[in-house]
Structures are given as C-alpha cells and as structure tokens.
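Residue numbers (this note's numbering), protein chains in the order written: chain Z, 7 to 286; chain P, -18 to 118.
Yeah, the Cβ is synthetic: ideal placement off N, Cα and C, and Gly gets one too.
Being a predicted model, the structure only gives us computed values, none of them experimental.
Here is the structure we will look at, set down as structure tokens.
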Amino acid sequence: MIRRMKVILTGLGLSLVLVSASGYAQDRAQQPPSYTPTATPSEKLPDWSGAWQMMGGTVFDAATQTGKGGAIDLGVREHPPYNAEWEALYQRNLEKRDQNRFPDVFTNCGVPASYPRVFNLPDPYEFVIRPEQVWILAENGPNVMRIYTDGRKHLDEPWGTYTGDSVGHWEGDTLVFTTIGLKGNRDGDSILDRTGLVLSDQSRGTTRIRKIDANTLEVVMTLEDSKALTKPWAVTKRFRKLPQGTRLYDYGCAENNRNPVDEKSGKTLLLGPDGKPLND
Amino acid sequence: MKSLYKMVLVLAIAALLFSIQPAVAHHSGAGFDSSRVVEVKGTVKEFQFKNPHTWIQVLVDDGTGKITEWSLEWGSPNSLGRQGYRPSTFPPGAKVIMRLNPMRNGAPAGGFIAAKFEDGTTIGRWDDKVGPSAAAP
Chain Z
7 MIRRMKVILT GLGLSLVLVS ASGYAQDRAQ QPPSYTPTAT PSEKLPDWSG
57 AWQMMGGTVF DAATQTGKGG AIDLGVREHP PYNAEWEALY QRNLEKRDQN
107 RFPDVFTNCG VPASYPRVFN LPDPYEFVIR PEQVWILAEN GPNVMRIYTD
157 GRKHLDEPWG TYTGDSVGHW EGDTLVFTTI GLKGNRDGDS ILDRTGLVLS
207 DQSRGTTRIR KIDANTLEVV MTLEDSKALT KPWAVTKRFR KLPQGTRLYD
257 YGCAENNRNP VDEKSGKTLL LGPDGKPLND
Chain P
-18 MKSLYKMVLV LAIAALLFSI QPAVAHHSGA GFDSSRVVEV KGTVKEFQFK
32 NPHTWIQVLV DDGTGKITEW SLEWGSPNSL GRQGYRPSTF PPGAKVIMRL
82 NPMRNGAPAG GFIAAKFEDG TTIGRWDDKV GPSAAAP
C-alpha cells in the first residue's frame, strides 16, 4: 500500500514538473523578429539640427481645403479620398465643429498626438538624427515620434497606438519610413485636425522627409486606409528653420488647463478664477 | 461714460488686424467673438505664466465700487517666452487698459489682444487709431 502511494505521489510530482516545464516552453509571449542591427555612419547623415516651425496653419491638408480660414472656421473642410461611410462621418464631425461641440482630443490633456497629426502641431520641433534612429520631438504636447533606421522590421502583430510602429531607412539625404499599428479613431481620441478629420485603425503611412533648402524641411506623407479611403492620400507639410539659439520648453498641458471639455455636451469650457465655467 | 470699463465694438476689419492666433493652440477659440474688440481698464491681479495658456487676471471697477475679475487668455508661456515676454510682463498692481475678443455670452473673459500701461508702453498689437465705440456689457 505504502509502495503504491509512493508510486502515485512520484507520478504526480513528475507530472507537475512536466506540466510546469511544458507551460514555460509554450509561453505565448512573442518576441520581435530577429535582425542584425545596422547604423548609418554619421558623416552620411544630413544636418537637421536646430528648431523648426510648421509652416501654414493646422488645417491638415491645405492642398484640398475649401472655405476660407482655419480649422475651426465655418465652411472650412478638406477633401481626402474618403469612401461614402467615412465622408458621412466627416460631415457629422464638421457639423459638431460648427456647433463648438467637436473638442480637440488635446483639450483635456493626456493623450499624445497621433501619426499623422504629429506633423501638424503649432509649436516648434526638433529632428534628432542618430545613426540607428530618428527622434522627432514636438514641443506641443509634448510629443515624440521614433523612427528606427537600424534594419529592424515592423512588429509582426502591432497593437494600435497613437504614433504606431515606424521603421525606415535613408535614401541619400531623404528619410523614408513606414508607419503601421495605428489606433486611428478607434477610441475617439485621435484626430488629424480640428475640422474633424479622422482615419481608422487600418490606416498606415509612408513618409519621406528631406531638406529642400537650407531653411526648409519637407514632409510628404502618403496615407492609406482600407476602411476609410478609396485610394492613397498624399499630404505635404513644410517646416521652416527658426533662428539660431531658439529654445524649446516643456509643455505641461495639465499645469493650468482652464479649458476642460464637458463630458455631457462635448463643449469646451472656459473656467473662471473660481474654477466655475464662464460659458455654461 | 459712467462705467470705468468701456466696450469697443470695432468693425470686423479692425478685429482682423488685432487678432492673434497663439491663444487657441490648445483648444478651440470658438468661445471668443473674434469680430468684436472689447476694452477694459483695471488693475492686474495676477499673470498666470503657465501652460497650456497664460491668463491675465484683471480687476475692473465698474465705477460704482463693484469689482469684477476679468480673465484674459493669451498664448502659451513657451511661445510668449520666445517672443521675449516673461512672468514680470504684467506685474501685480499695474494699471492697464486691455483689449480683447470677448466671450460670446458676455462673461468677463476673452482672448487677449493688446494692453497699454499707465506710462504709455504697450504690449501686443495696440493701435491708438482704433478707439472705443460702444458700452460695456
């Protein structure tokens, strides 16, 4: 009897060890695709140093803009190659904009600018080039865009994030990168501008950045979206170099935000000195 | 005019001349009426030199002893700092005349346009040729 018990207990113990080992071996965590890191020699990289300012207003695609004024002016809209469903959604957003009920997702502070809006912000930028990656630093937000140029591949199954997953390479003095894994407007907290332009969680982009003269950087984005667009949508943004010595600062959006959004109405409030809304 | 704070209703063209954009970098400026320019005279209570927007708090006496605190929204401290403005630009206690795009509902707030101090120095797009022409709300 005792011997039989020992055999049973030994068997159970062995089973536990095997189950545990097999559980470890079968862990479902995925590792990024392996790659051999590369680096572009510094002497082959262009000089994008200094501070830069986006040119023009924050209407995302001025080339297709109709109506006069900025993104919050009545009648102003853009014309991306939306399909009927997303054109209807844009129309609804425009109506809300006209009623001051399409709050900017930034207004409550806390969410980053998404790609491609990260190239549509009003305050200065820095474009930091390293041999293995590029960092685009936007004071507004603040926001950071990371582009890996060390030969790595995209994540095999990226989950939706605001700025997605960007990998690229250099073609002479032009940085070329693709961006995937974008959440788009999936959660209602990612827009392209205040007219109400949005893209879906199937959006992706190919971006080319180059210096077109000593004081101008050009960013050309070709956006694709199998849910929202009928064809690729090319948008160009340009940035002018700011004077030598220009400083950038931190940007604590929540430091003194007197313009929270009312959750019920979607209206952007203006708080008085007592903290109560002045525009109820 | 009985009131110490005066309202300036200027033609749209004047508003265009005065309007500055940095005040709306973080949120929509639709709550302000950019077609109208209001002028108030008062004393600086506080200059909130903080992100995402600076706010100038001004105490305005309506002439009967009733004090109203006005809130004037300006650009981000970052943007203004690059233009040379500092927290000391509006020292507490300074007597100022402020021009602003008012709230559409008449509340004591608006988008800052320009200011004139007692010594005649100005800030922003002050233009003496554009004067007051309407009563305060």
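Smallest Cα separation from TYR154 (chain Z): which of Z:ALA234, Z:GLN139 and Z:PRO283? Position 148 of the first sequence holds residue 154 (chain Z). The shortest C-alpha separation from TYR154 (chain Z) is found at Z:GLN139.
DSSP on GLN2 (chain P), reduced to helix/strand/coil? As a first step, residue 2 (chain P) must be located in the second sequence, where it is residue number 21. Residue placement at GLN2 (chain P) is poorly supported in this model, since its pLDDT is 40, which falls under 50; the coordinates still yield a value, given next. Three-state DSSP puts GLN2 (chain P) in coil, outside helix and strand.
Within 8 angstroms (strictly less), CB to CB, does GLY12 (chain P) reach chain Z? To locate residue 12 (chain P), count along the second sequence from 1; it is residue 31. Yes, because at least one Cβ of chain Z sits closer than 8 angstroms to the Cβ of GLY12 (chain P).
Less than 8 angstroms between the CB atoms is what I'm expecting for TRP55 (chain P) and ILE78 (chain P), so what's the real figure, rounded? Reading the second sequence from its first residue, position 74 is the one you call residue 55 (chain P). Reading the second sequence from its first residue, position 97 is the one you call residue 78 (chain P). About 16 angstroms separates the two Cβ atoms, so there is no contact after all.
Please return the same chain residues whose Cβ sits closer than 6 angstroms to the Cβ of ALA68 (chain Z), not counting the five positions on each side in sequence. Locating residue 68 (chain Z) in the first sequence gives position 62, where the first residue counts as 1. For ALA68 (chain Z), where only same-chain residues beyond five positions count, the Cβ hits under 6 angstroms are GLY62.
Just to check my reading of the structure: ARG103 (chain Z) and ARG200 (chain Z) have Cβ atoms closer than 8 angstroms, yes? What is that Cβ distance to the nearest angstrom? Stepping through the first sequence from its first residue, residue 103 (chain Z) is reached at position 97. Stepping through the first sequence from its first residue, residue 200 (chain Z) is reached at position 194. Rounded, the Cβ-Cβ distance is 7 angstroms, consistent with contact.
Among Z:TRP58, Z:ASN126, Z:ALA94 and Z:TRP141, nearest to THR242 (chain Z) - alpha-carbon criterion: Sequence index remark: in the first sequence, residue 242 (chain Z) carries index 236 (1-based). Comparing Cα positions, the closest option is Z:ASN126.
Beta carbon proximity, LEU198 (chain Z) to chain P, threshold 8 angstroms: Along the first sequence, read from residue 1 onward, the residue named residue 198 (chain Z) stands at position 192. False, the Cβ-Cβ gap to chain P never drops below 8 angstroms.
Inter-residue spacing [alpha-carbon to alpha-carbon] between ALA234 (chain Z) and TYR121 (chain Z): Counting from 1 along the first sequence, the entry for residue 234 (chain Z) is found at position 228. Counting from 1 along the first sequence, the entry for residue 121 (chain Z) is found at position 115. Whole-angstrom Cα-Cα distance: 16 angstroms.
Distance, Cα to Cα, TYR96 (chain Z) vs ASP195 (chain Z)? Walking along the first sequence from the start, residue 96 (chain Z) turns up at place 90. Walking along the first sequence from the start, residue 195 (chain Z) turns up at place 189. In a straight line, the C-alpha of TYR96 (chain Z) is about 15 angstroms away from that of ASP195 (chain Z).
Please confirm if LEU(-10) (chain P) has its CB atom under 8 angstroms from at least one CB of chain Z. For this step, residue -10 (chain P) is matched to residue 9 along the second sequence. Confidence at LEU(-10) (chain P) is low in this model, with a pLDDT of 38, below 50, so its placement is unreliable and the value that follows should be read with caution. Answer no: the Cβ-Cβ gap between LEU(-10) (chain P) and chain Z never drops below 8 angstroms.
Who are the neighbours of MET84 (chain P) on chain Z, taking C-beta pairs under 9 angstroms? Stepping through the second sequence from its first residue, residue 84 (chain P) is reached at position 103. Those within 9 angstroms of MET84 (chain P) in chain Z are LEU276, LEU284 and ASN285.
Restricting to Cα atoms, I'd like to know which of Z:LEU143, Z:TYR41, Z:GLY75 and Z:GLU269 is closest to MET60 (chain Z). In the first sequence, counting from the first residue as 1, residue 60 (chain Z) sits at position 54. That would be Z:LEU143, whose Cα lies nearest to the Cα of MET60 (chain Z).
Determine, using beta carbons only, whether PRO33 (chain P) comes closer than 8 angstroms to chain Z. Position 52 of the second sequence, counted from the first residue, corresponds to residue 33 (chain P). Chain Z, which has a Cβ nearer than 8 angstroms to the Cβ of PRO33 (chain P), makes this yes.
The alpha helix (DSSP H) enclosing PRO58 (chain P), as first and last residue numbers: For the purposes of this step, residue 58 (chain P) is taken as the residue at position 77 of the second sequence. PRO58 (chain P) -> alpha helix (DSSP H) spans 58 to 63.
Chain-ordered residues of the stretch 219 to 247 of chain Z with a beta carbon less than 9 angstroms from chain P: none
Residues that PRO279 (chain Z) contacts on chain P, provided the C-beta gap is smaller than 7 angstroms: As a working note, residue 279 (chain Z) is residue 273 in the first sequence. Ordered by position in chain P, the residues that pass the 7 angstroms Cβ test against PRO279 (chain Z) are GLN38, GLU50 and SER52.
Taking the alpha-carbon of ALA35 (chain Z) as reference, which of Z:GLU163, Z:TRP176, Z:GLY174 and Z:ASP219 has the nearest alpha-carbon? Reading the first sequence from its first residue, position 29 is the one you call residue 35 (chain Z). Checking every option, the nearest Cα to that of ALA35 (chain Z) belongs to Z:GLU163.
Where SER60 (chain P) meets chain Z, residues with beta-carbon distance less than 8 angstroms: Position 79 of the second sequence, counted from the start, is the residue given in the question as residue 60 (chain P). Under the 8 angstroms cutoff, chain Z gives ASP129.
Using C-beta distances below 7 angstroms, list every residue in its chain close to ALA45 (chain Z), excluding the 5 sequence neighbours before and after it, in chain order. Translated into positions along the first sequence, residue 45 (chain Z) becomes position 39. Excluding positions up to five away in sequence, the list reads PRO137, GLU138 and ASP156.
Contact belief for ARG152 (chain Z) with TRP141 (chain Z) at Cβ below 8 angstroms, rounded distance in angstroms: Here residue 152 (chain Z) corresponds to residue number 146 of the first sequence, with the count starting at 1. Here residue 141 (chain Z) corresponds to residue number 135 of the first sequence, with the count starting at 1. Contact flag correct, Cβ pair sits at about 6 angstroms.
If you draw a straight line from the alpha carbon of LEU198 (chain Z) to that of LEU205 (chain Z), how long is it in whole angstroms? As a position in the first sequence, residue 198 (chain Z) is number 192, starting the count at 1. As a position in the first sequence, residue 205 (chain Z) is number 199, starting the count at 1. If I take the Cα positions, the gap works out to 8 angstroms.
Give a yes or no on whether 8 angstroms exceeds the smallest Cβ distance from GLY56 (chain Z) to chain P. As a position in the first sequence, residue 56 (chain Z) is number 50, starting the count at 1. No, its Cβ sits nowhere closer than 8 angstroms to a Cβ of chain P.
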